[in-house]
Structures are given as C-alpha cells and as structure tokens.
Amino acid sequence: MSVNARKGVLIIADGTVLQGRVGNCSELEVFGYVDGQVATERLIVHKGGRCFGNVKAGTADVHGTLQGTIGVKELIHIRETGDVSGTVRYGRMSMEMGGSLSAEVRNVPPELGGDFEIAVARGGSVVITVEDIRAIDPDDDARQLVFTLSNTKGGFVAASESPAQPLQHFTQAELEAGRIVFRHDGSPGRDAGFSVTVADHTGATSGAPQQVHVSVH
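Given below as structure tokens:
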C-alpha cells in the first residue's frame, strides 16, 4: 500500500490486502485486494485487482473485479476485463465488449441544489434561476426532471408566458430557460415561500420536500 505524491491518492499494490475502511480519497487505485467500506472521488480497479464491500465513488473505472453494494454518482466504466456484481447505483454506465455485469442495477435519484432563497418586490414577480433551485442528476435530461410544488404561501409559481396561472409542476429545462417565476400576491408580511421536490423519468425523487424561502421587500 502506498500514498502517491498527489494529495489523497491511495494505491493498493499487487499482492497487498487491505481490509477495513478507506475514506476521503481523491483517488483509489486497486492492483491488489480491498475488502470493506470505501469512499473515494475516483476508483480505478486495475486488471487483477479486486475490490469488495460497500463502495461509494464519484466515478469508477473497472478493469478487475468490483463486487458488493456499489454507488457511483457519475460514470461507471466496465472495461473489457472488468467484472461487476452486486447492487449497483449509478449515474451513467458504459461497458466494453467482454466486460461482465451481474448486478441489480439502480438509477441514481436526483438531488436538489441551490441556495433556496428568492427575493421579490411586494405584489411583483421574479424569475426563479438555477442559483435558487436546481436538480442535480447526471443520468437524466433536463426535460425529464420534474419539480413538484407544495405548501405555497404569499404567492405562487407560474410560467412567464402565463403569469396568472399557478403551476404545480415544471421541468428543469423550463427553469434553465428562465420561464419560471414566483409571483407575490401583494399580501402584508415579509415572508413567502413554497416547498419543492424533484423526480426523474423513473419516478425516483429527491426525498422530503425542501422549503424555499421568499423574502418580500
């Protein structure tokens, strides 16, 4: 086992066995044997290398054996000599001819991002931007990511082309195009807002509704 000069790079050499927990790596390269709980930004399992256990990675490049409960947020690439088995959650997947996949494959559900803060003039409207709310999902097109609204107070969310018609749903594509606005109802008070979730094309959601605060001035 060695630590590379590059900060956070851990290399498990051929013939080395590591059992236990590996965390906070920027990159983990496996030529030998790893069994345990792994968290790394980038995982490379080289030909002849074996990695078993509960594995979470940003990306994974598999030339050897990867087995267990696997979560890859972005791309998992199974090479010609790669063998992946277990339960796999992923953002995107590619597999070369000769690669092997024997797994329960699951889609990575979307997440909500943004600062969840909007400011609007009393009785006015404001465009909601991706700085305010956005969906984070590496494996779905913006048109496939659908936001659902609830618990709206002090106004409503609308499409810019139909500002008097409240919306219950809109897409990430509409948000990115600047077509979604919050319209204040003119009521007294300095606070308004709504709750939001997002779902992908499979129906996987971001979980519990996230409250978006709208300050009124």
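Take the sequence shown: its position 129, counted from the start at 1, is 128 in numbering that gives the first Met the number 0, and no numbers get skipped. For glycine and all other residues, C-beta sits at the position ideal for the given N, C-alpha and C. Quick caveat, the model's predicted, so the values are computed rather than measured.
Start-to-end residues for the beta strand (DSSP E) that takes in residue i
i, result
"residue 73", "64 to 77"
"residue 183", "179 to 183"
"residue 42", "32 to 44"
"residue 57", "49 to 61"
"residue 154", "154 to 158"
"residue 135", "133 to 135"
"residue 110", "110 to 112"
For residue i, the first and last residue of its enclosing alpha helix (DSSP H)
i, result
"residue 174", "171 to 175"
Three-state class that DSSP yields for residue i in the structure shown
i, result
"residue 121", "coil"
"residue 16", "strand"
"residue 143", "helix"
"residue 6", "coil"
"residue 96", "coil"
"residue 212", "strand"
"residue 161", "strand"
"residue 255", "In the structure as shown, the chain begins at 0 and stops at 216. Residue 255 is therefore absent and cannot be evaluated."
"residue 166", "coil"
"residue 90", "strand"
"residue 80", "coil"
"residue 190", "strand"
"residue 26", "strand"
"residue 201", "coil"
Exposed unless 16 or more other CB atoms sit within 10 angstroms - verdict on residue i
i, result
"residue 131", "buried"
"residue 109", "buried"
"residue 86", "exposed"
"residue 52", "buried"
"residue 219", "Summary: the structure shown does not reach residue 219, with the chain confined to residues 0 through 216, and so no result is reported for it."
Beta carbon of residue i nearer than 7 Å to that of residue j
i, j, result
"residue 154", "residue 115", "no"
"residue 54", "residue 29", "no"
"residue 61", "residue 33", "no"
Inter-residue CB distance, residue i and residue j (contact presumed, cutoff 8 Å)
i, j, result
"residue 107", "residue 118", "The pair is not a contact, with the Cβ atoms about 32 Å apart (cut-off 8 Å)."
"residue 141", "residue 191", "With 8 Å as the limit, residue 141 and residue 191 do not qualify as a contact, their Cβ atoms being about 26 Å apart."
"residue 78", "residue 98", "6 Å"
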